Amino acid sequence: MRFRILDRYILKELGSSFMFGVLTFTTILVAGDLLFKVAELLIEKGISMVTVLKLFVYKLPSVVVITLPMSCLLSTLLSFGRLSSDSEIVALKASGISFQRIALPVLLGSSLIALTALFMNETVVPLANKAADNVLRYDVVKQKPSLLKERIFLKDESGGTLNRVMYIGILRARIGVMENVVVQEFAEGRLSRITTADRGNWEEGVWSLSDGKVFGVDGEGRVSFLFGFKNQRLPLSLTPTQVASSSQDPDSMSIKQLMAHMDLMKAQGANLVPLWVSFHLHLAVPWASVVLALIGAALGVRPQRKSGGMGMGFGLSVLIVFAYYVVMSMGRALGESGHIPPFFAAWLPNIIFLSCGGLLTARANR
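Residues 59 to 424 (our numbering) make up the sequence shown, in order.
Structure representation (structure tokens):
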């Protein structure tokens, strides 16, 4: 029974400081980014307050998800710092309760936060970001609603050999039309032919180019006109929707969307390593809440925290979070360049900081 009471007591302590952390970090991030955009929209572009509020609400979920690991770290630092300064940790240890057992509610609570962040990244955040993009595009820039994509590059490779590169200036996926199309064909590793067309159409499951020209490229790089055409079939097996999805940012997709995108890129022969890194980051980053919470609990009971107060806890949280994201950026760069496996690149910061948290926890139990 006393363990159940202890768990509820620690979770109650963590809850209030966690909500304080979410509100504080969200306010800081919003003030540093969204408020400047809001002021510009209101003053320079004359956008209505209703539109600004919609943009603010749609951007909020992605900001909150970022603040969850920071808030877990801050809450454990502040809560365990208070328990330590009031000698409650000493009393619990004196009664035979280990620090690992005291920190059990931290692991349970932070795991719940990690699952919440993962759920939000897969459901709420992609929809909210898309809604925010629509507000910027249609209410602010006044574009007409359409599945319009610009500057799309597609590669066709087989066996590590580049066969074709396609550039699409404008894609209107809803009506199956592409404009300003350039197709570069390669033979034995060199550019051999260039096809340009003003327009491409999706009809009866086939892409066709119209009003185009074909140029030949010799071994010395000289370009010569071969012939023009009114209509010619385009060797592209992707539907308009699939072509449009090729230009999406993988970091803004859900895991399900990313897997479908990877299948699409695999069919084109594209390099999938950066996409695999992004896939594993989708899974690894939410669990930073658990890793940072463990570090915060272990640091919170150290003797120097007695006179630290909220200011030191907040500053230490910022430094640790900054270090975490620096390691994450380095791991991502190494993974995308192929120096380390994508799985290890994504989970590297969690592995390093979890090891540090384990050492600090072992010391805190002394």
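Ideal Cβ positions, reconstructed from N, Cα and C, are used throughout, including at glycine. All figures in this text were calculated on a predicted structure; none of them were measured in a lab.
7 angstroms CB neighbourhood of residue i in its chain, flanking five on each side removed
i, result
"LEU284", "VAL272, PHE273 and GLY274"
"LEU401", "The displayed chain sequence assigns Phe, not Leu, to residue 401. Cβ neighbours of PHE401 beyond the five flanking positions: HIS338."
Cβ distance (whole Å) where residue i is taken to contact residue j below 8 angstroms
i, j, result
"THR134", "GLY393", "Going by Cβ atoms, the distance from THR134 to GLY393 rounds to 29 angstroms, so no, they are not a contact pair."
"MET178", "PRO119", "6 angstroms"
"ALA351", "THR419", "Going by Cβ atoms, the distance from ALA351 to THR419 rounds to 11 angstroms, so no, they are not a contact pair."
"PHE411", "VAL359", "In fact, because the Cβ distance is near 18 angstroms, the residues do not count as touching under 8 angstroms."
"LEU406", "VAL385", "6 angstroms"
"GLY270", "GLY247", "GLY270 to GLY247, Cβ: 25 angstroms. No contact."
Rounded C-alpha distance that separates residue i from residue j
i, j, result
"GLY415", "ILE63", "25 angstroms"
"TRP345", "ALA403", "15 angstroms"
"LEU417", "ASN192", "47 angstroms"
"TYR67", "ARG159", "13 angstroms"
"GLY373", "ILE86", "13 angstroms"
"MET236", "GLU243", "19 angstroms"
"ASN423", "SER156", "6 angstroms"
"GLY227", "ALA342", "36 angstroms"
"SER347", "LEU132", "11 angstroms"
"PRO308", "MET77", "30 angstroms"
"MET107", "ALA186", "19 angstroms"
"MET388", "SER413", "18 angstroms"
"TRP334", "GLY258", "32 angstroms"
"ILE210", "LEU165", "45 angstroms"
"LEU292", "ALA175", "43 angstroms"
"ILE398", "GLU261", "44 angstroms"
Any C-beta of chain B under 7 angstroms from that of residue i
i, result
"ILE160", "Absent from the structure is chain B; it holds one protein chain and no more."
Beta-carbon proximity list for residue i, same chain, < 6 angstroms, skipping 5 on both sides
i, result
"LEU296", "none"
"SER137", "GLU71, LEU72 and SER75"
"LEU316", "PRO308 and PHE337"
"VAL281", "PHE273 and VAL275"
"ALA161", "ALA355"
"ARG222", "ASP214 and GLU243"
Of the listed residues the options, nearest to residue i (C-alpha basis)
i, options, result
"GLY167", "PHE114, CYS130 and ALA318", "CYS130"
"THR253", "PRO298, ALA175 and SER266", "SER266"
"PHE83", "LEU113, SER106, VAL122 and MET107", "VAL122"
"GLU278", "VAL376, GLY286 and LEU249", "LEU249"
"THR125", "PHE138, THR109, VAL88 and ALA161", "VAL88"
"VAL239", "ILE233, GLY247, LEU229 and ALA245", "LEU229"
"SER310", "SER153, LYS117 and GLU246", "LYS117"
"ALA190", "VAL331, LYS112 and LEU377", "LYS112"
Local conformation of residue i per DSSP, three classes
i, result
"ALA342", "helix"
"GLY154", "coil"
"GLU237", "strand"
"THR297", "coil"
"ASP65", "helix"
"VAL335", "helix"
"GLU463", "A question about residue 463 goes unanswered here, because the residues of the chain that appear run from 59 up to 424."
"LEU206", "With a pLDDT of only 49 at LEU206, under 50, the local geometry of the prediction cannot be trusted, and the value read off the model is given with reservation. LEU206 falls in the strand class under three-state DSSP."
"PRO110", "The question names Pro, but residue 110 is Val in the sequence shown. In this structure, VAL110 counts as helix in the three-state DSSP scheme."
"VAL379", "helix"
"ASP269", "strand"
"ILE171", "helix"
Other residues of its chain near residue i: CB distance less than 8 angstroms, five sequence neighbours each side excluded
i, result
"LEU173", "PRO344"
"VAL183", "PRO119, SER120 and VAL123"
"ALA149", "none"
"ARG390", "VAL335, LEU339, ALA403 and ALA404"
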